[in-house]
Structures are given as C-alpha cells and as structure tokens.
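In what follows, a structure is listed as structure tokens, so that the remarks can point back to it.
Numbering (this note's numbering), first residue to last: 570 to 801.
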C-alpha cells in the first residue's frame with residue numbers, strides 16, 4: 570500500500586516533471602526551481618562583501634543611499650536572464666519568491682541590510698500589473714521578507730506613468746523614461762526609517778534611484794538602501 574500511495578502522489582511529477590528555470594532540465598526530487606548545476610554556476614557578485622562595490626560606485630551621486638548591492642550578474646542568454654524571463658513573462662511568480670529567499674540567505678551574512686525597517690519593491694503601473702497578474706519585484710520582496718522578517722510595503726510607492734519598456738532603450742533614453750514617474754503615499758512614524766528599495770534587474774539605476782529619491786523627499790531623516798537580484 571505504501572508504494573501504491575507513493576506512486577499515486579508522484580503521478581503528476583511523472584507526467585509533468587518540474588523543469589529547471591535556468592537550463593530547462595528535469596529537476597531531481599531534492600531540487601527546487603533550479604538544478605544544482607545551475608546553482609553552482611550562478612554568476613555571484615561580491616557586492617555583499619564589498620562596501621565600495623561597483624554598483625555603489627555606479628550609483629554614487631545619483632541619490633543619497635546607504636548601501637547598494639546586486640546579488641547576481643545578468644549575462645545575455647545566461648541562466649540568470651532565463652530565470653528573470655520566466656518570472657516576468659512566463660507567469661512564474663514562484664521564481665521570484667525563490668530568488669528572494671536565496672538572496673536573503675546571503676544577506677544574513679552581511680551587516681549592511683540588517684537594520685532595514687521596510688522593503689519597498691519597485692511598483693508596476695496598474696495597467697502592466699493587470700496584464701502580468703503580479704509585480705515581479707514584490708514577489709522577490711516577499712521571499713526576502715520570509716527570511717529577514719522585514720515587512721514589505723508593496724503600496725508605498727505608486728507608479729503614475731505607464732512608461733514604455735526599458736529593454737530596448739539606450740542608457741540616456743532610460744534616464745529620460747523614468748523622470749518623476751513615482752508618487753509616495755503617507756506612512757505614519759516614517760521619520761528616520763531605513764527603506765530597502767528593491768528591483769529585479771538594475772541596469773542604469775535610473776528607475777530605482779528615482780524611487781529612492783521620492784522616498785527621501787517624502788519622509789524626513791529617512792534612509793534608503795538599494796538592492797536588486799541582478800545587475801546587467
């Protein structure tokens with residue numbers, strides 16, 4: 570009876586096996602979302618260990634942030650790009666939760682984000698969120714929150730303008746595309762709080778800096794740090 574029960578429970582897996590979001594290979598029973606080979610070959614950055622990392626240098630002067638870090642490097646046609654594609658365009662919000670949890674486990678080893686009071690995911694315009702069904706950055710934020718136990722403020726920032734996609738824009742066009750697109754809702758007792766502003770992929774940093782600046786404008790003595798799953 571035990572073997573019959575075990576077989577019955579695994580019929581869906583036999584018919585529709587779970588596939589790695591990085592390479593598309595069938596996952597073994599102990600693997601979740603991505604296979605061990607893809608985990609081993611992920612292009613990790615050193616941002617959580619280096620207080621003067623390349624992302625901090627890139628964003629310096631754009632907004633008054635405390636710390637900035639991206640977990641992975643996005644390589645064209647690589648594993649990270651494939652996972653982000655599955656998250657954003659293939660209706661796989663669970664990938665965001667998974668990536669957030671894994672990022673947070675590495676954050677536990679770094680002191681820079683330990684005093685954050687809130688996680689603020691970059692919002693989508695309501696039209697794009699309605700089409701996609703969810704905000705991929707919020708999914709990542711929920712995963713981080715599960716590990717770090719920092720509350721997520723998914724509605725603090727509002728995206729007022731439905732900007733065109735950034736994917737095919739030049740760096741200058743990206744900067745012009747996000748100017749003044751966010752507004753910020755009131756938040757009681759926000760004075761002096763530390764906000765972790767989070768996005769899925771950071772390229773020029775124009776979007777996330779615009780969001781961080783809006784938070785600093787809205788709350789006296791607030792602090793912001795910046796994080797992303799990947800840096801392109």
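A virtual CB, placed ideally from N, CA and C, is assigned to each residue, including glycine.
The distance from the Cβ of residue 778 to that of residue 631 is about 5 Å, consistent with a contact at the 8 Å cut-off. If you draw a straight line from the Cα of residue 703 to the Cα of residue 599, it comes to about 28 Å. For residue 664, the enclosing alpha helix (DSSP H) has its first and last residue at 662-676. If you look at residue 753, you'll find it in the beta strand (DSSP E) that goes 751-753. Under the Cβ criterion (8 Å, minimum of three pairs), the stretch 633-651 counts as touching the stretch 667-685.
Non-local beta-carbon contacts of residue 635 in its own chain, meaning distances under 8 Å to residues more than five positions away in sequence, involve 681, 763, 792, 793, 794 in chain order. Between residue 750 and residue 730, the gap from beta carbon to beta carbon is short of 8 Å. Looking at the DSSP output, residue 601 bridges to 603. Taking residue 707 as the centre and dropping the five residues before and after it, the same chain places the C-beta of 690, 723 closer than 6 Å to its C-beta, in chain order. In the DSSP assignment, residue 794 forms a beta bridge with 765. In the three-state reduction of the DSSP assignment, residue 689 falls in the strand class.
When Cβ pairs closer than 8 Å are counted between the two stretches, the stretch 752-770 is seen to touch the stretch 784-791, the count reaching three or more. For residue 588, DSSP records a beta bridge to 595.
Of all alpha-carbon atoms in 666, 781, 683, the one lying nearest the alpha-carbon of residue 710 is that of 666. For residue 633, there is no enclosing alpha helix (DSSP H), as DSSP marks it with neither H nor E.
In the structure shown, residue 642 falls within a strand segment according to DSSP collapsed to helix, strand and coil. In the displayed model, residue 649 falls within a helix according to three-state DSSP. The three-state secondary structure of residue 726, taken from DSSP, is strand.
For residue 706, the enclosing alpha helix (DSSP H) starts and ends at 705-717. Beta bridge pairing from DSSP links residue 771 with 800. Residue 726 places its beta carbon less than 8 Å from that of residue 780. Residue range 623-628 is occupied by the alpha helix (DSSP H) that includes residue 628. The beta carbons of residue 676 and residue 717 sit closer together than 8 Å.
Boundaries of the alpha helix (DSSP H) around residue 699: 695-701.
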